[in-house]
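End of the sequence shown = 260 in our numbering, gap-free, step of one. No residue lacks a Cβ here, since even glycine has one placed at the ideal position from N, Cα and C. Read through the structure below, which is laid out as structure tokens, and then see the notes.
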Amino acid sequence: MIVCTVLVYKGCIMFTLIETKPVAEAHYLLTLHSDTTESYPGQFINIKVNSSTDPLIRRPFSIFDHNGTTMHIVIRVVGKGTEKIVAMHPGLIDCIGPCGKGFSIVTGKKALLVGGGVGNAPLYYLARMLCRAHTEVTYIYGARSASSIFLLDSYRELSHTCIVTTDDGSSGIKGNPVDAARDIAAKNEFDIVYTCGPEIMMKHLSQELSHIPVEASLERYFGCGVGLCSGCAVKTSTGYKRACIDGPVFDARTVLWDTP
Ligand SMILES: Cc1cc2nc3c(=O)[nH]c(=O)nc-3n(C[C@H](O)[C@H](O)[C@H](O)COP(=O)(O)OP(=O)(O)OC[C@H]3O[C@@H](n4cnc5c(N)ncnc54)[C@H](O)[C@@H]3O)c2cc1C
Ligand code: FES
Numbered sequence: 001m002i003v004c005t006v007l008v009y010k011g012c013i014m015f016t017l018i019e020t021k022p023v024a025e026a027h028y029l030l031t032l033h034s035d036t037t038e039s040y041p042g043q044f045i046n047i048k049v050n051s052s053t054d055p056l057i058r059r060p061f062s063i064f065d066h067n068g069t070t071m072h073i074v075i076r077v078v079g080k081g082t083e084k085i086v087a088m089h090p091g092l093i094d095c096i097g098p099c100g101k102g103f104s105i106v107t108g109k110k111a112l113l114v115g116g117g118v119g120n121a122p123l124y125y126l127a128r129m130l131c132r133a134h135t136e137v138t139y140i141y142g143a144r145s146a147s148s149i150f151l152l153d154s155y156r157e158l159s160h161t162c163i164v165t166t167d168d169g170s171s172g173i174k175g176n177p178v179d180a181a182r183d184i185a186a187k188n189e190f191d192i193v194y195t196c197g198p199e200i201m202m203k204h205l206s207q208e209l210s211h212i213p214v215e216a217s218l219e220r221y222f223g224c225g226v227g228l229c230s231g232c233a234v235k236t237s238t239g240y241k242r243a244c245i246d247g248p249v250f251d252a253r254t255v256l257w258d259t260p
């Protein structure tokens, strides 16, 4: 029997790059025009770097914000693909999305959002949607140092409380966002925690706050990005899942973390 898989995207495959501007050291905000107006916080878009085969594989980026047909992503330059994307000229780009399963939006609750590094990116759109749903947002913005913090005022505008932590103490509290989250959760009651950042941070956060539901956006190397190669496997209590289509957002209580 021949099984034919037809992949249907609700989103679009051509986006127009409007502008790229630096927002922190090695971090860029890209403004895109997309035909689709529908997306969910936590979803990502998958960008083809160029028309050649180097690099061959598309690069995934979370949606930082989406309003009407205007979409934003934040890119931290780490290698060849990201270097090329931030150097692209305005115009049409080959990009698939929005893809994946995003965060759930709770209404009229108290939410704690904990971001680490560029993992703060999808939490901005989430914070905006939570505020629209009358959920109070407490935000913990973790970064390595002050120079890598992007668009902090935008996060502050949406947050009831916004706490910054840096590894080197160059801004906010010196330390990691997990300790800050534990301290604030000891003094306040939260209905839900949302997180995105280094896996080790999300693992410790979900263990420290195991009495609260935690939704975590996981990062994996994506091959196909559409559920076909299993390159993005995530070990969970109900078997292996694919981060690109079953996630990237997972109930942290079901994740069997790879990190020590
Ligand atoms: C669902 C999802 C959402 C993401 N959202 C964002 C975002 O909003 N902003 C952003 O800047 N980045 C995001 N990323 C990461 C981004 O896709 C990678 O940084 C990018 O693909 C690297 O491409 P490159 O060619 O520049 O780096 P490469 O040359 O491929 O690699 C450079 C370095 O980065 C590491 N690296 C590359 N990709 C990954 C990965 N997926 N996981 C862990 N380490 C990696 C490599 O080990 C290497 O050390 C996301 C990834 C996923 C899976
Ligand atoms: S990247 Fe191929 S299945 Fe997820």
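{"Check": "Span separating the alpha-carbon of I63 from that of K84", "Outcome": "19 Å"}
{"Check": "L228 CB to nearest heavy atom of ligand 2 below 7 Å", "Outcome": "yes"}
{"Check": "Cα-Cα separation between F61 and K187, rounded to whole angstroms", "Outcome": "34 Å"}
{"Check": "Counterpart residues of S34 in DSSP-defined beta bridges", "Outcome": "F15"}
{"Check": "heavy atom of ligand 2 below 7 Å from F250 C-beta", "Outcome": "no"}
{"Check": "Best match in V106, C131, Y141, K235 for proximity to A180 [C-alpha to C-alpha]", "Outcome": "Y141"}
{"Check": "V118 vs R76 beta-carbon contact at 8 Å", "Outcome": "yes"}
{"Check": "DSSP bridge partner residues for V74 (one or two, in chain order)", "Outcome": "L29"}
{"Check": "C224, DSSP secondary structure in three states", "Outcome": "coil"}
{"Check": "The region 133-149 touching the region 223-240, judged by at least three CB pairs closer than 8 Å", "Outcome": "no"}
{"Check": "Residues bridged to V114 (per DSSP)", "Outcome": "I140, T195"}
{"Check": "Nearest-angstrom beta carbon gap, L158 and R182 [assumed within contact, 8 Å]", "Outcome": "Contact doesn't hold; Cβ gap of about 22 Å is too wide."}
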